[in-house]
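Number of protein chains: 2
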Amino acid sequence: MLQTVRRAAQVLRLFTPEQAEWGVTEVAAALGLPKSGAHLLLRTLAAEGLLQRTASGRYRLGWSLFELSQTKLETTDFLLVARRVMEQLVAGWGETTHLAVLVDGQVLYVEKLQGDRALEIVLSRVGKRLPAHCSGVGKVLLAHRPWEEVVAIVERQGLPALTPNTITTIERLRAELEAVRHQGFAYDQEEVMVGLCCAAAPIRDETGEVVAAMSLSVPAYRFYPYRQRLTTAIVEAARRISTQLGYDGEGSQWNDTAGSRSRSSARATSGRT
Amino acid sequence: MLQTVRRAAQVLRLFTPEQAEWGVTEVAAALGLPKSGAHLLLRTLAAEGLLQRTASGRYRLGWSLFELSQTKLETTDFLLVARRVMEQLVAGWGETTHLAVLVDGQVLYVEKLQGDRALEIVLSRVGKRLPAHCSGVGKVLLAHRPWEEVVAIVERQGLPALTPNTITTIERLRAELEAVRHQGFAYDQEEVMVGLCCAAAPIRDETGEVVAAMSLSVPAYRFYPYRQRLTTAIVEAARRISTQLGYDGEGSQWNDTAGSRSRSSARATSGRT
DNA sequence: CCTATATGTTCAACATAGATGAACACCGGA
DNA sequence: TCCGGTGTTCATCTATGTTGAACATATAGG
Numbered sequence: 001m002l003q004t005v006r007r008a009a010q011v012l013r014l015f016t017p018e019q020a021e022w023g024v025t026e027v028a029a030a031l032g033l034p035k036s037g038a039h040l041l042l043r044t045l046a047a048e049g050l051l052q053r054t055a056s057g058r059y060r061l062g063w064s065l066f067e068l069s070q071t072k073l074e075t076t077d078f079l080l081v082a083r084r085v086m087e088q089l090v091a092g093w094g095e096t097t098h099l100a101v102l103v104d105g106q107v108l109y110v111e112k113l114q115g116d117r118a119l120e121i122v123l124s125r126v127g128k129r130l131p132a133h134c135s136g137v138g139k140v141l142l143a144h145r146p147w148e149e150v151v152a153i154v155e156r157q158g159l160p161a162l163t164p165n166t167i168t169t170i171e172r173l174r175a176e177l178e179a180v181r182h183q184g185f186a187y188d189q190e191e192v193m194v195g196l197c198c199a200a201a202p203i204r205d206e207t208g209e210v211v212a213a214m215s216l217s218v219p220a221y222r223f224y225p226y227r228q229r230l231t232t233a234i235v236e237a238a239r240r241i242s243t244q245l246g247y248d249g250e251g252s253q254w255n256d257t258a259g260s261r262s263r264s265s266a267r268a269t270s271g272r273t
Numbered sequence: 274m275l276q277t278v279r280r281a282a283q284v285l286r287l288f289t290p291e292q293a294e295w296g297v298t299e300v301a302a303a304l305g306l307p308k309s310g311a312h313l314l315l316r317t318l319a320a321e322g323l324l325q326r327t328a329s330g331r332y333r334l335g336w337s338l339f340e341l342s343q344t345k346l347e348t349t350d351f352l353l354v355a356r357r358v359m360e361q362l363v364a365g366w367g368e369t370t371h372l373a374v375l376v377d378g379q380v381l382y383v384e385k386l387q388g389d390r391a392l393e394i395v396l397s398r399v400g401k402r403l404p405a406h407c408s409g410v411g412k413v414l415l416a417h418r419p420w421e422e423v424v425a426i427v428e429r430q431g432l433p434a435l436t437p438n439t440i441t442t443i444e445r446l447r448a449e450l451e452a453v454r455h456q457g458f459a460y461d462q463e464e465v466m467v468g469l470c471c472a473a474a475p476i477r478d479e480t481g482e483v484v485a486a487m488s489l490s491v492p493a494y495r496f497y498p499y500r501q502r503l504t505t506a507i508v509e510a511a512r513r514i515s516t517q518l519g520y521d522g523e524g525s526q527w528n529d530t531a532g533s534r535s536r537s538s539a540r541a542t543s544g545r546t
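Protein sequences, first through last, are from chains A and B.
Residue 1 is where the first sequence starts when you use my numbering, and the numbers rise one by one after that.
Residue 274 is where the second sequence starts when you use my numbering, and the numbers rise one by one after that.
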């Protein structure tokens with residue numbers, strides 16, 4: 001593992017909405033490096049466009065990151081397809097939909113469409129991570145990972161309680177994920193924020209792997225009466241996306257029983273251009 | 274300059290919409306490295322989330338780039354402000370507006386809003402770069418850089434002709450940029466694509482520096498009759514944005530005569546949180 | 001089913017690229 | 001004007017990254 005590259009990545013991660021600008025000394029202090037080392041890292045990253053030097057000799061994130069990210073988005077097959085379906089969903093329900101992937105054991109929101117009937121969900125922001133064990137999308141994504149991986153994640157990050165409803169024991173999590181896997185969808189019943197519920201379903205690519213999860217969020221008082229219709233709506237929508245991605249339906253070999261490393265050999269035949 | 278970090282950045286830049294997936298051998302060949310070296314680079318980048326390993330042991334861009342990019346966007350002051358004004362502009366004219374910055378001597382499109390009356394402009398895509406000397410936004414951005422820098426850019430990238438109207442000599446470019454700087458706006462008269470014109474104006478931050486440029490694109494046959502109104506519209510809009518960013522108006526010390534390194538000492542007082 | 005070819009992975013010896021700290025230059029505030 | 005802090009440079013040393021060849025693994029073809 002290239003130490004220098006790791007450090008460079010660490011430097012990049014220092015830049016957040018809270019502190020968007022860093023100087024040499026600050027970076028050196030934050031990473032425990034000598035000033036000269038931090039200096040060199042920053043200079044090099046700036047030369048490559050990953051950082052940007054301000055007039056005052058400090059640094060901000062560079063536009064190259066935007067370019068790379070854009071490339072990532074354009075080459076992520078499920079995004080384009082999912083967006084269309086999400087728009088329909090929002091149009092029909094007037095609520096908020098989320099699209100998320102699992103990164104490093106956490107949920108990363110990739111897309112969010114807000115309906116006119118929807119309450120502003122401050123917690124979820126595109127580009128932001130949240131713990132996976134509480135949200136609907138998070139539970140869907142975890143449910144389709146091998147159990148050992150889930151254990152490792154929990155050991156690393158714990159099960160922080162965001163509300164009184166949040167799952168906080170690994171036993172309950174195990175039961176929940178098993179249920180989610182078998183029924184094909186997950187609920188969030190005020191587990192991430194009091195007063196907010198959602199239903200979520202998995203999106204699969206042509207190899208059958210779960211690549212993302214989609215959810216429809218509603219205020220709690222609207223959730224319980226409409227639960228059934230909400231569920232079928234999100235499951236249907238997610239399946240429609242999966243189908244468009246080349247996933248050829250249920251029943252077959254893809255009733256993956258994660259926990260065993262069963263499908264680990266599934267290979268993308270897709271490949272190169 | 275840290276060689277390893279440079280190489281890591283080179284690796285990232287290999288990933289494009291055309292080839293979004295790379296293997297160890299391919300990367301090694303592309304960069305002229307031994308396989309083991311490429312392997313280590315890819316592994317490290319993947320461990321940091323900047324790349325993602327596929328099931329088949331190949332690599333794609335990672336979601337960390339999306340997160341970093343999102344942070345960049347959220348902390349770029351002019352973006353939020355500009356978006357609002359652009360929406361108004363599109364609503365009023367039904368044409369397409371672009372927002373762009375200068376990166377590495379090229380124009381990088383950062384935002385694009387399409388009106389209902391507008392023709393699809395395939396050439397400009399958010400996240401894509403174009404040479405600066407032909408587009409309206411490009412000329413605005415170049416006009417406010419020191420002339421020596423412009424010369425360096427031209428020496429590096431030449432003046433490729435995208436249409437018969439494209440400026441292809443440095444003399445014409447110099448005259449054009451001077452005019453643009455003095456009048457406060459630029460036209461693109463079918464210089465990037467036949468049949469397409471635009472008017473563009475600079476956006477300044479509170480230090481008076483030109484941080485971005487905005488344009489309103491229209492089909493050529495609609496450009497000439499409406500030129501005057503188009504010009505005032507874009508200039509007005511851009512000025513409104515600048516004002517909201519804290520730029521306190523014309524006339525004062527900001528009539529920057531780029532070419533002399535006059536304002537190089539202007540310092541952002543903005544800073545950290 | 002088994003071979004052949006290509007691709008990803010590992011390892012240990014070597015050389016150089018990067019780490020380091022002190023001294024310097026520079027700016028902004030007192 | 002001076003002072004504290006910040007960014008920058010440099011020469012020394014060693015840890016780090018580089019390298020190529022051998023190994024493991026997967027894909028395509030007979």
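C-beta atoms are modelled at their ideal positions from N, C-alpha and C, and glycine is treated no differently.
Rounded to whole angstroms, what's the CA-CA distance from A:GLY94 to A:CYS198? Just pull it up for me. Going from the Cα of A:GLY94 to the Cα of A:CYS198 covers about 14 Å.
Verify the CB distance criterion: does A:PRO17 have a CB-CB separation below 8 Å to chain B? For A:PRO17, the nearest CB of chain B lies under 8 Å from its own CB, placing it at the interface with that chain.
Is the Cβ of A:ASP104 closer than 8 Å to any Cβ of chain B? Any Cβ of chain B closer than 8 Å to the Cβ of A:ASP104 would place that residue at the interface, and such an atom is present.
B:ARG402 and B:LEU372 closer than 8 Å at C-beta: Against a cut-off of 8 Å, the Cβ pair of B:LEU372 and B:ARG402 comes out as no contact.
Which residues does DSSP pair with B:ALA326 in a beta bridge? In the sequence as displayed, the identity of residue 326 of chain B is Arg instead of Ala. According to DSSP, residue pairing for B:ARG326 in a beta bridge involves B:TYR332.
B:LYS385 - partner residues in DSSP beta bridges: Answer by DSSP bridge pairing, in chain order: B:HIS371.
In the DSSP assignment, the beta strand (DSSP E) including A:ARG84 goes from what residue to what residue? For A:ARG84, there is no enclosing beta strand (DSSP E); the enclosing alpha helix (DSSP H) covers residues 77-93.
Would A:LYS139 be called buried (16 or more neighbouring beta carbons within 10 Å of its own) or exposed? In this structure A:LYS139 is buried. Its beta-carbon is surrounded by 16 or more other beta-carbon atoms within 10 angstroms.
Starting from the C-beta of A:GLN247, find all residues in its chain whose C-beta is less than 7 Å away, skip the five residues before and the five after it, and write them out in chain order. Rather than Gln, the amino acid found at residue 247 of chain A in this sequence is Tyr. In chain order, ARG204, ASP205, GLU206, GLY208 place their CB closer than 7 Å to the CB of A:TYR247, counting only its own chain and leaving out the 5 sequence neighbours on each side.
Can you have a look at A:SER300 and say buried or exposed, based on whether 16 or more other CB atoms are within 10 angstroms of its CB? There is simply no residue 300 of chain A to check, as chain A begins at 1 and stops at 273 in what is shown.
Please determine, among B:LEU315, B:ASP389, B:THR349, the residue with the shortest C-alpha to C-alpha distance to B:VAL383. Just measuring C-alpha positions, the residue of B:LEU315, B:ASP389, B:THR349 sitting nearest B:VAL383 is B:THR349.
At the level of alpha carbons, what is the spacing between B:LEU392 and A:ALA47? Pairing B:LEU392 with A:ALA47, the inter-Cα distance amounts to about 37 Å.
Using a 10 Å radius around the Cβ and a threshold of 16 neighbouring Cβ atoms, would you call B:ALA281 buried or exposed? B:ALA281 should be labelled buried.
Whole-angstrom distance between B:ARG418 and B:THR530, CA atom to CA atom: At B:THR530, the pLDDT of 45 sits below 50, so the modelled position is not reliable; the number obtained from the coordinates is stated separately. Per the coordinates, the alpha-carbon of B:THR530 lies some 9 Å from the alpha-carbon of B:ARG418.
With DSSP as the reference, label A:GLN19 as helix, strand or coil. In the three-state reduction of the DSSP assignment, A:GLN19 falls in the coil class.
Determine, using beta carbons only, whether B:GLU360 comes closer than 8 Å to chain A. For B:GLU360, not one C-beta of chain A is nearer than 8 Å to its own C-beta.
Close beta carbons around A:ILE170, own chain, < 8 Å, minus the five adjacent residues each side: Taken in chain order, the residues that qualify are VAL151, VAL154, LEU159.
Return no unless some Cβ of chain A is closer than 8 Å to the Cβ of B:LYS385. Between B:LYS385 and chain A, the shortest Cβ-Cβ separation is not below 8 Å.
Residues of the region 277-288 of chain B with a CB closer than 9 Å to any CB of chain A: list them in chain order, please. Sequence-ordered contacts of the region 277-288 of chain B with chain A read THR277, VAL278, ARG279, ARG280, ALA281, ALA282, GLN283, LEU285, ARG286, PHE288 [C-beta pairs closer than 9 Å].
First and last residue of the alpha helix (DSSP H) that includes B:SER397? Premise fails: B:SER397 is in no alpha helix (DSSP H) and is neither H nor E.
Three-pair Cβ contact test at 8 Å for the region 165-181 of chain A versus the region 49-58 of chain A: Not touching, per the Cβ criterion.
Are the C-beta of A:VAL126 and some C-beta of chain B separated by less than 8 Å? Yes, A:VAL126 counts as interfacial toward chain B.
For a cutoff of 8 Å on Cβ pairs, would you count A:MET1 as touching chain B? For A:MET1, the answer is yes, since a Cβ of chain B falls inside 8 Å of its Cβ.
Report buried or exposed for A:ASP188, applying the criterion of at least 16 other Cβ atoms within 10 angstroms of its Cβ. Buried, because 16 or more other Cβ atoms sit within 10 Å of the Cβ of A:ASP188.
Check the Cβ of B:GLY322 against every Cβ in chain A and list those closer than 7 Å, keeping chain order. Taking a Cβ-Cβ threshold of 7 Å, the residues of chain A close to B:GLY322 are VAL103, ASP104, in chain order.
Which of helix, strand or coil DSSP assigns to A:LEU2: A:LEU2 carries a coil assignment under DSSP once its states are collapsed to helix, strand and coil.
Closer than 8 Å, Cβ to Cβ, to anything on chain A: give me those residues from the region 337-364 of chain B, in chain order. The region 337-364 of chain B vs chain A, Cβ under 8 Å: SER337, LEU338, PHE339, GLU340, LEU341, SER342, GLN343, THR344, LYS345, LEU346, GLU347, THR348.
Output yes or no for whether 8 Å exceeds the beta carbon distance between A:LEU40 and A:VAL11. Their beta carbons are not under 8 Å apart, which means A:LEU40 does not touch A:VAL11 by this criterion.
Against A:THR44, what residues of chain B qualify as contacts under a CB-to-CB distance less than 7 Å, listed in chain order? Chain-order list of chain B residues neighbouring A:THR44: MET274, LEU275, VAL278, ARG279, by C-beta distance under 7 Å.
For A:GLY271, count the other beta carbons within 10 Å of its own beta carbon; 16 or more makes it buried, fewer makes it exposed. Which is it? Confidence at A:GLY271 is low in this model, with a pLDDT of 33, below 50, so the placement of that residue is unreliable and no value is reported for it.
B:GLN325 versus A:ILE167 - alpha carbon distance: Each residue's Cα considered, the two are about 29 Å apart.
Can you tell me whether B:LEU469 sits near the ligand SAM, meaning its C-beta is under 7 Å from at least one heavy atom of the ligand? Of the ligands one can find in the structure shown there are none, so the ligand SAM has no counterpart to examine.
Among the residues of its own chain, which have a CB less than 7 Å from the CB of B:GLU463, if the five just before and after it don't count? Result list for B:GLU463: THR436, ASN438, LEU469, CYS470, ALA493, in chain order.
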